[in-house]
Amino acid sequence: MNISLPAKNLATAGKPLTFVDEITLRTREQDPRAKAWVSAEVWVRQKAREHEEAVAAARLKAEERKAAVETIRQKAKGHEEAVAAARLKAEEREAAVEAVRQKAAEQKDAVVLARQKAEERKAANETARQKAKEQDEAGAVARQKAEERRAIDETVRQNAKNRKSEKAVSLERAIETIAAQEMALTKAKAWVATEAADHQKAKEWAAAEEEVLQKAEKWVESKTAEYRNVGEWSTAKATERQKTEELAGIQAAVLQKTEEWVESKAAEHQKIVEWVAAEEVVLQKIKEWVAGKEEARQKMFEWAAAEKAARVKAEERSAAEKAARVKAEERSAAEKAARVKAEERSAAERAARVIALEEITLQILKQTPLTSREVAAFLGREHEQAISWLRRLQATGKVESTWLQRSPQHPCYHTKDHSSALAFAGEIL
């Protein structure tokens with residue numbers, strides 16, 4: 001060993017020198033061997049001091065590592081408590097979600113009940129419409145009987161014409177006509193009021209029903225959106241909980257590795273033994289993988305056969321669906337033809353009703369000239385409809401219009417063969 005440390009480093013190698021040490025040092029400095037010995041002693045003292053500093057540093061690091069391990073343990077414990085609290089909250093949220101689902105199911109039942117009640121209201125409205133139609137038909141029968149009664153009265157008046165003067169007969173006819181018109185007008189007004197009230201009630205029921213259905217649908221949509229948000233939130237929290245558990249596992253693994261490293265390094269031999277065992281496990285896994293691959297290959301063949309059978313069934317189902325579509329198209333064509341026939345029949349019925357009303361209008365105008373408003377009141381129709389009918393009859397030459405003193409603002413309509421009645425009306429006015 002070549003030691004070339006100077007003698008002056010003796011004062012810095014250990015404790016401060018005493019008087020004896022200084023004398024000894026001065027004596028040894030005169031001998032070369034003593035100088036070498038002193039240099040060796042200084043080097044040994046320096047190495048001892050460095051070793052003590054290294055030991056102190058190692059102890060300090062060990063204490064710091066121990067404190068870090070304790071901190072990690074405390075954090076892991078706190079993390080486990082947080083995970084437990086998160087699990088408890090997740091269970092509470094799942095219970096809340098289940099309660100929301102239960103409420104949604106109850107609301108769906110309520111919506112079904114509301115729709116059922118709406119169907120019942122529709123049936124009631126249809127019954128009311130049927131009754132109104134029957135009332136309309138009864139009114140038509142009553143009007144027909146009134147026409148027959150007026151025809152009988154006209155016959156009686158014609159028979160008594162020879163016994164009475166022309167002026168008295170005309171006066172009596174005018175009085176009876178006015179009375180009949182007033183009675184018909186009263187009945188028409190009552191019928192129109194009843195029809196309007198029934199129509200208004202039906203409209204109110206339909207509006208209330210539509211409002212209830214809209215509110216129910218909006219409530220269901222809002223509850224569905226709320227349930228969807230709660231489900232997404234629950235999924236996110238579950239993912240977060242899973243990540244937290246994984247982090248706790250990682251921290252626990254790090255803690256375990258740190259404790260193993262701090263406790264002893266003798267685990268390397270055990271790791272080698274474990275590695276050999278792991279190699280054997282890997283070899284066993286390879287054998288199992290080969291067997292699993294063969295099994296998967298067999299299952300793949302079975303899956304191909306099943307897929308082929310499924311394709312055959314799908315083709316058969318497609319052919320059946322095609323036949324069903326053809327039948328549905330034929331049924332749709334038949335329904336369309338039936339609808340066309342129904343529309344034609346409805347148009348014919350409307351035309352027949354228009355012709356009947358025109359005939360009634362001609363019968364009325366044969367008796368006395370009337371304005372368009374009087375005709376509309378007598379028939380119980382809209383004023384515009386009465387004007388349209390009168391103009392159509394006037395265009396065909398069946399009706400003429402004349403201005404009379406009793407109606408200076410509106411023309412009076414009468415038939416062409418009713419000149420005597422028109423003259424008499426002029427005389428009365």
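Numbering (full-length UniProt numbering), first residue to last: 1 to 429. Glycine included, C-beta positions come from ideal geometry on N, C-alpha and C.
**Request:** Tell whether a beta-carbon distance below 7 Å holds between H51 and A248.
**Result:** Position 51 of the sequence shown, counting from 1, holds the residue named residue 51. Position 248 of the sequence shown, counting from 1, holds the residue named residue 248. Going by C-beta atoms, H51 is not nearer than 7 Å to A248.
**Asked** Who pairs with V375 in a beta bridge, going by DSSP?
**Response** The residue given as residue 375 occupies position 375 in the sequence shown. The partner list for V375 (beta bridge, DSSP) is empty, contrary to what the question assumes.
**Request:** Helix, strand or coil for E382, going by three-state DSSP, please let me know.
**Result:** Residue numbering aside, residue 382 sits at position 382 when the sequence shown is read from its first letter. Note: E382 maps to coil in three-state DSSP.
**Item:** One or two residues paired with H414 in a DSSP bridge
**Value:** Translated into the one-based positions of the sequence shown, residue 414 becomes position 414. Paired residue(s): E400.
**Asked** Based on the DSSP secondary-structure assignment, which residues constitute the bridge partners of L370?
**Response** Within the sequence shown, the letter at position 370 stands for residue 370. Its beta-bridge partners are Y413.
**Request:** Report yes if the C-beta distance between L362 and Y413 is below 7 Å; otherwise report no.
**Result:** If you number the sequence shown from 1, residue 362 lands on position 362. If you number the sequence shown from 1, residue 413 lands on position 413. Cβ distance not < 7 Å, so L362 and Y413 don't count as in contact.
**Near the ligand MN: A338 beta-carbon under 6 Å from a heavy atom** = Looking for the ligand MN in the displayed structure turns up nothing, as the structure carries no ligands at all.
**Pair within 7 Å by beta-carbon distance, A356 and S372** = The sequence position of residue 356 within the sequence shown is 356, counting from 1. The sequence position of residue 372 within the sequence shown is 372, counting from 1. No, the pair does not count as a contact, with Cβ atoms beyond the cut-off.
**Request:** Report all residues from its chain with a CB closer than 7 Å to the CB of N9; omit the five preceding and five following residues, and keep chain order.
**Result:** For the purposes of this step, residue 9 is taken as residue 9 along the sequence shown, with counting starting at 1. The predicted position of N9 is uncertain, since its pLDDT is 44 and thus under 50; a value taken from the coordinates is nonetheless stated next. Within the same chain, N9 has close Cβ partners V42.
**Request:** Please determine if the region 376–392 and the region 330–348 are in contact, where contact requires at least 3 C-beta pairs separated by less than 8 Å.
**Result:** no
**Asked** When you compare each of A320, E154, A104 to E221 by their alpha carbons, which one comes out closest?
**Response** Along the sequence shown, read from residue 1 onward, the residue named residue 221 stands at position 221. If we check each option's Cα against that of E221, A104 comes out closest.
**Asked** Leaving out five residues before and five after T12 in sequence, what residues of the same chain have Cβ atoms less than 8 Å from its Cβ?
**Response** As a first step, residue 12 is located in the sequence shown; it is residue number 12 there, counting from the start. Its pLDDT being 44, under 50, T12 is placed unreliably in this model, and the value from its coordinates should be taken loosely. Counting only Cβ-Cβ distances below 8 Å, and skipping sequence neighbours, we find nothing.
**Request:** State yes or no: is the C-beta of T177 within less than 7 Å of the C-beta of Q367?
**Result:** Taking the sequence shown and counting its residues from 1, the one referred to as residue 177 is at position 177. Taking the sequence shown and counting its residues from 1, the one referred to as residue 367 is at position 367. Going by C-beta atoms, T177 is nearer than 7 Å to Q367.
**Request:** Can you say whether G426 is buried or exposed, counting buried as having 16 or more other CB atoms within 10 angstroms of its CB?
**Result:** As a working note, residue 426 is residue 426 in the sequence shown. Note that G426 scores a pLDDT of 44, beneath 50, so its modelled location is shaky; the value from the coordinates is reported in the next line. With fewer than 16 other Cβ atoms within 10 Å, it is exposed.
**Message:** Please give me, in chain order, every unbroken run of the alpha helix (DSSP H) with length at least 4 that falls completely inside the region 65–103.
**Reply:** none
**Prompt:** Got a sec? Which residues, its chain only, sit under 7 Å from W289 by beta carbon, not counting five neighbours each side?
**Reply:** Residue numbering aside, residue 289 sits at position 289 when the sequence shown is read from its first letter. So no residue of the chain qualifies.
**Prompt:** Below 7 Å between beta carbons: does that hold for A86 and R241?
**Reply:** On the sequence shown, position 86 is the one that residue 86 refers to. On the sequence shown, position 241 is the one that residue 241 refers to. Contact: yes.
**Message:** In whole angstroms, give me the CA-to-CA distance for A238 and R73.
**Reply:** For the purposes of this step, residue 238 is taken as residue 238 along the sequence shown, with counting starting at 1. For the purposes of this step, residue 73 is taken as residue 73 along the sequence shown, with counting starting at 1. Distance between the alpha carbons of A238 and R73: 25 Å.
**Message:** Am I right that A180 and R150 are in contact with their C-beta atoms under 8 Å? What's the rounded C-beta distance?
**Reply:** Numbered from its first residue, the sequence shown carries residue 180 at position 180. Numbered from its first residue, the sequence shown carries residue 150 at position 150. Confirmed, about 7 Å.
**Request:** May I ask you to list the residues that DSSP assigns as paired with S407?
**Result:** Counted from its first residue, the sequence shown places residue 407 at position 407. DSSP lists L404 as partners of S407.
**Prompt:** Looking at W205 and R121, is the spacing between their C-beta atoms short of 7 Å?
**Reply:** In the sequence shown, the residue the question calls residue 121 occupies position 121. In the sequence shown, the residue the question calls residue 205 occupies position 205. A contact, by the Cβ cut-off of 7 Å.
**Request:** Taking only the alpha-carbon atoms, compute the straight-line gap between K66 and L60 and give it to the nearest angstrom.
**Result:** As a position in the sequence shown, residue 66 is number 66, starting the count at 1. As a position in the sequence shown, residue 60 is number 60, starting the count at 1. Computed Cα separation, rounded: 10 Å.
**Request:** Can you have a look at P369 and say buried or exposed, based on whether 16 or more other CB atoms are within 10 angstroms of its CB?
**Result:** Walking along the sequence shown from the start, residue 369 turns up at place 369. When all chains shown are included, P369 counts as buried.
**Request:** Look at the alpha carbon of Q409 and the alpha carbon of A190, and state the distance between them as a whole number of angstroms.
**Result:** In the sequence shown, the residue the question calls residue 409 occupies position 409. In the sequence shown, the residue the question calls residue 190 occupies position 190. Approximately 27 Å between the Cα atoms of the pair.
**Inter-residue Cα distance where the pair is R129 and G139** = Translated into positions along the sequence shown, residue 129 becomes position 129. Translated into positions along the sequence shown, residue 139 becomes position 139. Answer to the nearest angstrom: the Cα atoms are 15 Å apart.
**Request:** Please report how far the alpha carbon of V354 lies from the alpha carbon of A193, in whole angstroms.
**Result:** Translated into positions along the sequence shown, residue 354 becomes position 354. Translated into positions along the sequence shown, residue 193 becomes position 193. About 23 Å.
**Message:** Please report the straight-line C-alpha distance between V55 and Q284, rounded to a whole angstrom.
**Reply:** Against the sequence shown, residue 55 aligns to sequence position 55. Against the sequence shown, residue 284 aligns to sequence position 284. About 47 Å.
**Request:** Can you tell me which of the three DSSP states A13 falls into?
**Result:** Taking the sequence shown and counting its residues from 1, one reaches residue 13 at position 13. Note that A13 scores 48 on pLDDT, short of 50, meaning its location in the model is unreliable; the coordinates nonetheless yield the value given after this. Helix.
**Item:** Buried or exposed by the 16-neighbour rule on C-beta atoms within 10 Å, applied to W389
**Value:** Residue numbering aside, residue 389 sits at position 389 when the sequence shown is read from its first letter. By the neighbour-count rule (16 or more Cβ atoms within 10 Å), W389 is buried.
**Request:** Starting from the C-beta of L5, find all residues in its chain whose C-beta is less than 6 Å away, skip the five residues before and the five after it, and write them out in chain order.
**Result:** As a first step, residue 5 is located in the sequence shown; it is residue number 5 there, counting from the start. Caution applies to L5, whose pLDDT of 40 falls short of 50 and renders its modelled position unreliable; the value that the coordinates give is listed next. Once the five neighbours on either side are set aside, the close Cβ partners of L5 are S39, V42, W43.
**Prompt:** What do you get for residue 430, buried or exposed, if any count of 16 or more other CB atoms within 10 angstroms of its CB means buried?
**Reply:** Lying before the first or after the last residue shown, residue 430 is absent from the chain, which here runs from 1 to 429.
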